[in-house]
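In the working numbering, the protein residues as written are 34 to 306. Backbone N, C-alpha and C fix where the C-beta goes; we use that ideal spot for every residue, glycine too. Small disclaimer: the values here were computed from a predicted structure and weren't measured. Have a look at the structure below, then the notes.
And the structure:
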């Protein structure tokens, strides 16, 4: 039985040009007959087209689909499918991680108004951090730029993070920030990027005071007054501060109106002896 290209196009919902694309890819082969040289195909061509379209729907390239349709080795097909399974599983894991981050950030933003200024005692998760700016000046050397780009490519799992100077705050009532990118240790493990993450500074999990705040203005600083509640809480509960405050900026909006940022600050502490 012979089938004209127009009939196959209507049957499969594939344009004539799409069929020709598969033909140029070696998946089907047309025949010509009659003085007009009209193309026609046979039943095996229809099956090959449907199989190739199925492979394409699974994420195989046109060239890969051609190899799968034209091979005479079932084990080659099985191995190709296995590799695609693994690729899809990795994609699904990443999408699940993205979904979790979206949900976490959305809930954090929704709950922020009731959390502003409230100090809580918690366990800070472990993370890695790569600093790139201090006082508005880039601190990375030119040879470090490729490393920064690799970290940035891990978005949306890396996040902006400021490191303050607790001793300066105590002495002068001021805070000096160093900007960086941060990546949770759990995310680095899930992404298989532990080696890259370890090129940053490691911050182990530890007891912390946590404070959520809103900062308005054009300069990305952590104003000293916002650290006062942390100081007061530590003094009241007789906690010793064991490190500098580090923040997670989870929302930045209204740049044209001066800027507004929501930040979560962690201040490492321990019980006084």
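In the DSSP assignment, find the unbroken beta strand (DSSP E) run with residue i in it and report its ends.
i           : result
residue 125 : Careful: residue 125 lies outside any beta strand (DSSP E), inside the alpha helix (DSSP H) at 107-148.
residue 35  : 35-37
residue 304 : 293-304
residue 211 : 211-217
residue 288 : Neither: residue 288 is in no beta strand (DSSP E) and is coded neither H nor E.
residue 194 : 191-196
For residue i, count the other beta carbons within 10 Å of its own beta carbon; 16 or more makes it buried, fewer makes it exposed. Which is it?
i           : result
residue 155 : exposed
residue 162 : buried
residue 294 : buried
residue 90  : exposed
residue 280 : buried
residue 236 : buried
residue 123 : exposed
residue 81  : buried
residue 212 : buried
residue 78  : buried
residue 52  : buried
residue 99  : buried
residue 230 : buried
Output the boundary residues of the alpha helix (DSSP H) element that contains residue i.
i           : result
residue 77  : 76-90
residue 202 : 199-205
residue 263 : 261-269
residue 182 : 178-185
residue 227 : 227-230
Nearest-angstrom Cα distance between residue i and residue j?
i           : j           : result
residue 73  : residue 110 : 28 Å
residue 291 : residue 187 : 28 Å
residue 253 : residue 210 : With a pLDDT of only 48 at residue 253, under the threshold of 50, the placement of this residue in the model should not be trusted, and no figure is reported.
residue 220 : residue 41  : 48 Å
residue 139 : residue 260 : 25 Å
residue 97  : residue 225 : 27 Å
residue 151 : residue 297 : 11 Å
residue 120 : residue 88  : 14 Å
residue 176 : residue 193 : 21 Å
residue 101 : residue 157 : 50 Å
residue 299 : residue 242 : 6 Å
residue 115 : residue 86  : 18 Å
residue 153 : residue 207 : 23 Å
residue 61  : residue 117 : 23 Å
residue 16  : residue 218 : No information on residue 16 is available, as it lies outside the stretch 34 to 306 that the chain covers here.
residue 262 : residue 112 : 60 Å
residue 269 : residue 228 : 41 Å
residue 216 : residue 178 : 17 Å
residue 250 : residue 285 : 11 Å
residue 202 : residue 258 : 10 Å
residue 71  : residue 84  : 24 Å
Helix, strand or coil for residue i per DSSP?
i           : result
residue 49  : helix
residue 154 : strand
residue 278 : coil
residue 258 : helix
residue 96  : helix
residue 248 : strand
residue 175 : helix
residue 61  : coil
residue 221 : helix
residue 253 : Confidence in residue 253 is poor, its pLDDT being 48 and thus under 50, which makes the residue's placement too unreliable to answer from.
Tell me which same chain residues have a C-beta within less than 7 Å of the C-beta of residue i, skipping the five on either side of it?
i           : result
residue 277 : 196, 197, 198, 199
residue 104 : 110
residue 287 : 293
Go through its chain and collect everything with a Cβ distance to residue i's Cβ below 6 Å, but skip five positions before and after it.
i           : result
residue 301 : 239, 241, 275, 276
residue 159 : 218, 237, 238
residue 271 : 305
Return no unless some Cβ of chain C is closer than 7 Å to the Cβ of residue i.
i          : result
residue 77 : Within the model displayed, chain C is absent; a lone protein chain is all it includes.
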